[in-house]
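Take -3 as the starting number for the sequence shown in this note's numbering and just add one per residue.
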Amino acid sequence: MPAAVRVETSWPVPHIMLRRAAERLMRLAGLSSRELCVTLVDNTRITEINRQWLHRPWPTNVISFPQECGDLLGDIVISADTARKEAAEACMSTDYRLLELLVHGLVHLMGEDHELGDEEARRMRIMEKKLLSALLKEGIMADLCINVDHIATIRQARGGAEPDPVIAAGIAEMAGADGIVVHLREDRRHIQDRDVRILRETVKGRLTLEMAATDEMIGIACEIKPDIVTLVPEKRQELTTEGGLDVKGLEASVTDAVSRLHECDIPVSLFVDPEREQVEAAARTGTDCVEIHTGRYADALTSEAEEKEFEAIAAMAGVAADLGLRVHAGHGLNYRNTSKVAAIAEISEFSIGHAIIAQAAITGLDRAVRDMLRLVKGPCA
Ligand code: PXP
């Protein structure tokens, strides 16, 4: 991992945000091949460090330690106590002040030093401003798009009208979701054509249509015009999508599907396993984006296997970003395993369905039973 963030303070520091910011800053500064270590400490610890290394026995906000050799660019130590105090004094959020300090520390590691004179201080300020505004322009945190297929699975179990994935999508967006994802399968086992048509009218954020690269589906996509299509492999017998698209093996047909969707002005994402040859083949098809399949990571049975899959996802996210692709990720992510992948800076969007719908069924059950009890036993039940 190019950037590691260590927390050695009891403040609830925004660890994921800082790690994503550090990695993006390294990329923006052309330093993505180097490594960076950021440590968040309290005032007692930064005072000790300031005394020991700079002979200044008082607290400060940030100290940078460049490394002379190896891949490590250096260490940045930030005092969360001082960041909080300075944020309050400047009427800004602590998160924003932490970002400013991270940028300041990084620009020091890049060889700039405001203490050398007015001209050096001016040059450093300009570099910091440029980096910070580029970072904020890109956005730091990933988007979350909710897959509502399994609301439709429950509806189809009775073949009726409820629960309606269109209403579920509205609730998900009102709760803050950045977009809605539906998979229109060839066998229409959950999402129906009607759902996609209505969602196109109602979704306020992004509507992603997952589909196989068939003539029928490309025709539907070109008519409905979702905000993006994710091409996935599809087998009739499977319970859920079982793996990434074999873009390398099917390069010519996938390239054709991508260009037909582009002709309809629809951006395309390819769902791929975290394997270099698949990501590189994806880039050759002209796709805009890849969605990295996180299923093997989610299904790993040991922590070693999970770590190995995680490393593959992180590495391939980097490869895809270097090839100029946007990077999404999804499949099998749940309340236990998501934070770790959410810290991978190159991933700009997560597509999560089953775990959220399963959680909603459990957390909503108490209320649902009480509502029915009132109907069966009266308002005093
Ligand atoms: N991404 C893709 C391409 C998928 O096929 C699915 C499942 O429909 C998901 C993400 C979401 O997976 P899950 O329901 O396990 O969160």
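Glycine is no exception: its CB is placed at the ideal position from the N, C-alpha and C atoms. Keep in mind the model is a prediction, meaning the values are calculated, not measured.
Does DSSP put E31 in a helix, a strand or coil?
strand
According to the Cβ coordinates, are L69 and E31 closer than 8 Å?
yes
Does the separation of the CB atoms of R119 and E108 fall below 8 Å?
Yes, they are a contact pair.
Neighbouring residues (CB closer than 6 Å to any heavy atom of the ligand PXP):
With 6 Å as the limit between CB and the heavy atoms of the ligand PXP, the residues that fall short of it are N143, D145, H179, E206, T226, V228, T236, T237, F267, E287, G326, H327, G328, L329, S347, I348, G349, H350, A351.
Between V192 and L180, what straight-line distance do the alpha-carbon atoms span, to the nearest angstrom?
8 Å
Between I176 and C141, how many whole angstroms is the CB-CB distance? I'm expecting something under 8 Å.
6 Å
Please list, in chain order, all residues of the same chain as A351 whose beta carbon is under 7 Å from its beta carbon, the five residues on each side excluded.
L329, N330, Y331
Beta-carbon contacts of R280 that lie in its chain and below 8 Å, excluding the five residues immediately before and after:
E247, T251
Tell me whether Q274 is buried or exposed, calling it buried when 16 or more other Cβ atoms sit within 10 Å of its Cβ.
buried
Please report the residue range of the alpha helix (DSSP H) in which C218 lies.
211 to 220
Cβ-based neighbour list, T237, same chain, cut-off 6 Å, excluding 5 preceding and 5 following:
V228
Measuring only the C-alpha atoms, how far is M368 from I72?
57 Å
Taking the alpha-carbon of A310 as reference, which of G320, S249, D91, P270 has the nearest alpha-carbon?
P270
Give me whichever residues DSSP pairs with G107 in a beta bridge.
According to DSSP, which records beta bridges pairwise, G107 is partnered with nothing at all.
Apart from the five residues on each side of it in sequence, which residues of its chain come closer than 7 Å, Cβ to Cβ, to A153?
none
Cβ-based neighbour list, R292, same chain, cut-off 6 Å, excluding 5 preceding and 5 following:
E305
For V284, which three-state DSSP category applies?
Strictly speaking, residue 284 in this sequence is Asp, with Val absent from that position. Three-state result, D284: coil.
Three-state secondary structure (DSSP) at M22?
helix
Which residues in the same chain as R20 place their Cβ atom closer than 8 Å to its Cβ, once the five residues preceding and following it in sequence are excluded?
Taken in chain order, the residues that qualify are L131, E134, I136, A341.
Please give the ranges of any beta strand (DSSP E) in the region 299 to 354, keeping only runs that are unbroken, at least 3 residues long and fully inside the region.
322 to 326, 343 to 348
Could you pull the DSSP bridge partners for I59 from this structure?
V73
Based on DSSP bridge pairs, tell me the residues matched to E206.
H179, T226
Considering only their Cβ atoms, is the gap separating E302 from G326 smaller than 8 Å?
Taking 8 Å as the Cβ cut-off, G326 and E302 do not qualify as a contacting pair.
Neighbour-count burial assignment, A377, 16 or more Cβ in a 10 Å radius
exposed
Going by C-alpha distance, which of R185, V178, G320, R202 is nearest Q233?
R185
Can you name the residues that DSSP bridges to V264?
Looking at the DSSP assignment, V264 forms a beta bridge with V225.
Buried or exposed: which applies to E116, given that a residue is buried once 16 or more other Cβ atoms fall within 10 Å of its Cβ?
exposed
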